[in-house]
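Student: What follows is a structure written as structure tokens; I'll ask about it next.
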């Protein structure tokens, strides 16, 4: 399979996302009930992000659609994306999403993964220069502001990073958030960068205890990608030298070989396809942070290629992966 985003692959990913962003069931909700009155359907609680099996997957399903709409405006799926977005992304629906977040029990809702993806979605819409794109961006801004404010309140309280390879990974969240904050909210970018340095600046000789059985993020490589974004080119090279000092010797070997996915109908095991995609993305971003004559570039290029070869054929097929994997494939392909 191609390792670049051509028109055919864009159309395939768009058709897949269109098939799940409004699919309400099955649905895994993250919802605190204070009494029987709080037993509600996904669409009642979330008038925009009610599909795709869970809230955060619906958010980055829409990020996939809007990104493809901008990059491939002539694809066959573009009119459907435009019509569906006009129907769903309304001020009233955004107000409904905000009302859910105003519940005291929703303080930690989707922290930090969903927060970061919502801001990533907002950053994408702000790139659009069409009338409809500008309208969608303006409509979403109040929701983006809520999550930006939540990060600003949370980061001073977060004494420690979360290094697991799942939704709670803080390096992934800050890396995505900086796509929004660096352009649209310098008051958010500053604490993100401060937290990254505070958490990771002194990390050395990474042992890379991965993969675990349900990871979809590389805790090791995500940290490197975040620090590449936060540090100057020279400071990143010095930091990376100490973080993965034996990379040219093929160590840690586990970071250079794809994870095996034994059952793609199991939602947790299917996470490992996401791990392979996200590793491909990370290696491609790391390459961009290394000097042109650095021998580690060849190691990273080979690792990126074999991880993407292992995962791209499985982006669609079973709903346990299909409702989210295209977003991670897109991150990796656009990193090229």
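Residue numbers (UniProt numbering): 1 to 336. Think of the CB as a built atom: it goes at the ideal place given N, C-alpha and C, for glycine as much as any other residue.
#1: Hey, residue 264 and residue 273 are a contact pair by Cβ (cut 8 Å); roughly how many whole angstroms apart?
#2: Which residue marks the beginning of the alpha helix (DSSP H) containing residue 172, and which one marks its end?
#3: Taking Cβ to Cβ, would you say residue 64 is nearer than 8 Å to residue 93?
#4: To the nearest angstrom, how far is the alpha carbon of residue 5 from that of residue 330?
#5: In angstroms with no decimal places, state the Cα-to-Cα distance between residue 213 and residue 130.
#6: Going along the chain, which residues of its own chain have a beta-carbon closer than 6 Å to the beta-carbon of residue 148, five neighbours each way excluded?
#7: Quick check: what's the CA-CA separation for residue 90 versus residue 294?
#8: Can you tell me where the alpha helix (DSSP H) holding residue 320 begins and where it ends?
#9: Is the Cβ-Cβ distance between residue 105 and residue 165 less than 8 Å?
#10: At what residue ranges does the region 233 to 312 contain a whole run of the alpha helix (DSSP H), taking only runs of 4 or more?
#11: Which value, in whole angstroms, describes the spacing of the CA atoms of residue 156 and residue 219?
#12: Check each candidate in 176, 102 and 137 and name the one with the smallest Cα separation from residue 146.
#13: Please determine, among 235, 194, 52 and 246, the residue with the shortest C-alpha to C-alpha distance to residue 337.
#14: For residue 48, name the three-state secondary structure that DSSP assigns.
#15: How big is the Cα-Cα spacing for residue 253 and residue 177?
#16: On the three-state DSSP scale, how would you describe residue 20?
#17: With the cut-off set at 8 Å, would you say residue 100 and residue 46 are in Cβ contact?
#18: Take residue 142 and list the residues in its own chain whose beta-carbon comes closer than 7 Å to its own, dropping the five residues that flank it on each side.
#19: With 16 as the cutoff for other CB atoms within 10 Å, does residue 262 come out buried or exposed?
#20: Can you give me the start and stop residues for the alpha helix (DSSP H) that residue 157 sits inside?
#21: Between which residues of its own chain and residue 3 is the CB-CB distance below 6 Å, once the five residues before and five after are set aside?
#22: Where do the N-terminal and C-terminal ends of the alpha helix (DSSP H) with residue 228 fall, by residue?
#23: Which same chain residues end up closer than 6 Å to residue 137 when comparing Cβ atoms and leaving out the 5 residues on each side of it in sequence?
#24: Given this structure, state the Cα-to-Cα distance separating residue 69 from residue 325, to the nearest angstrom.
#25: Is residue 114 buried or exposed, if buried means 16 or more other CB atoms sit within 10 Å of its CB?
#26: Determine, using beta carbons only, whether residue 225 and residue 175 come nearer to each other than 8 Å.
#27: Give the straight-line distance between the Cα atoms of residue 287 and residue 297, rounded to the nearest whole angstrom.
#28: First and last residue of the alpha helix (DSSP H) that includes residue 86?
#29: Can you round the beta-carbon distance between residue 204 and residue 243 to whole angstroms, since I take them to be within the 8 Å contact cut?
#30: Between residue 116 and residue 172, how many whole angstroms is the CB-CB distance? I'm expecting something under 8 Å.
#31: With a Cβ-Cβ cutoff of 8 Å, do residue 259 and residue 277 count as a contact?
Tutor: So, to answer that:
#1: 7 Å
#2: 170 to 184
#3: no
#4: 8 Å
#5: 43 Å
#6: 185 and 188
#7: 49 Å
#8: 319 to 322
#9: no
#10: 233 to 243, 271 to 288 and 296 to 311
#11: 22 Å
#12: 102
#13: Given that the chain is displayed from residue 1 to residue 336, the structure contains no residue 337 and the question cannot be resolved.
#14: coil
#15: 30 Å
#16: coil
#17: yes
#18: 94 and 98
#19: exposed
#20: Where residue 157 is concerned, there is no enclosing alpha helix (DSSP H), given that its DSSP letter is neither H nor E.
#21: 308
#22: 219 to 230
#23: 125 and 126
#24: 18 Å
#25: buried
#26: yes
#27: 5 Å
#28: 78 to 88
#29: 7 Å
#30: 7 Å
#31: no
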